[in-house]
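Protein chains in written order, with the numbering used here: chain A, 79 to 114; chain B, 2 to 207.
1. On the CB-based measure, 16 or more other CB atoms within 10 Å of its CB, does residue 121 of chain B come out buried or exposed?
2. Report the rounded CA-to-CA distance for residue 166 of chain B versus residue 117 of chain B, giving the unit in angstroms.
3. Strictly below 8 Å CB to CB, what residues from chain B border residue 89 of chain A?
4. Any beta-carbon of chain A closer than 9 Å to the one on residue 206 of chain B?
5. Let me know if residue 37 of chain B comes out buried or exposed under the rule of 16 or more other beta-carbons within 10 Å of its beta-carbon.
6. Taking its Cβ as the centre, do 16 or more other Cβ atoms sit within 10 Å of residue 82 of chain A, making it buried, or is it exposed?
7. Taking Cβ positions only, does residue 117 of chain B come closer than 9 Å to chain A?
8. Is it buried or exposed, residue 112 of chain A, if we count other Cβ atoms within 10 angstroms and call 16 or more buried?
9. Rounded to a whole number of angstroms, what is the C-alpha to C-alpha distance between residue 57 of chain B and residue 68 of chain B?
10. Find the residues of chain A that neighbour residue 195 of chain B, judging by a C-beta separation of less than 8 Å, and give them in chain order.
11. Note down, in chain order, every chain A residue with its Cβ under 9 Å from the Cβ of residue 148 of chain B.
12. Taking only beta-carbon atoms, is residue 113 of chain A less than 9 Å away from chain B?
13. With a cut-off of 9 Å, does the C-beta of residue 102 of chain A fall near any C-beta of chain B?
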């Protein structure tokens, strides 16, 4: 399991996943706002 | 007298051990990992307190964001986000380089990371100077400066750590076997980067 506190490698991968998740959430929220 | 001392040492089970007693590992988690875990958890709670204030103002009180008559520099902050993300990438490359014994890669990567971090902080200070409102103007402005300022303080601490790592890298202190001095500040730097993604998203975009 990914543990961002264990090593720099895992922290970097966690950062990339966080970036993707945040980008998707922002995209969804902005799309919903545009529709409403 | 001496014989009595030896007899007492034997009675306490001291069989030639010198120096302080061995460290007691009461936790099943490794000490460096546990330390980093506690540190990051405390940091998340600090940021959590500031985010609570932000969400209270914006959602519980329903205050407009940003305050009427003000504008946040979304594009400039977006460029700054790209700069900070790039710095995490260069740090990752630097760490990878030293693990493979590439000292030049470490030095180039860590110096680039430090300079990108300085650029981020410089742009943020410049943003404060030109944004056109002060922390005391509205509650929204107070929380804007608090959240971005708290993050900026973390970047500053990260830059101090990176400066130490950079100096040590140029002095040849790291090797493929011994690179924890790059690894731990690296974890911290990536954490600061993740926090910025959350701050940028909530404060500037949404």
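Every residue, glycine too, gets a C-beta built ideally from N, C-alpha and C.
Working from what's here:
1. buried
2. 15 Å
3. 187, 188, 191, 192
4. yes
5. Buried.
6. Classification of residue 82 of chain A: buried, given that the 10 Å Cβ count is 16 or more.
7. no
8. exposed
9. Rounded to the nearest angstrom, the two C-alpha atoms are 15 Å apart.
10. Result: 92, 93, 96.
11. Going along chain A, no residue has its Cβ under 9 Å from residue 148 of chain B, so there is no contact; the nearest lies around 16 Å.
12. no
13. Cβ-Cβ to chain B under 9 Å: no for residue 102 of chain A.
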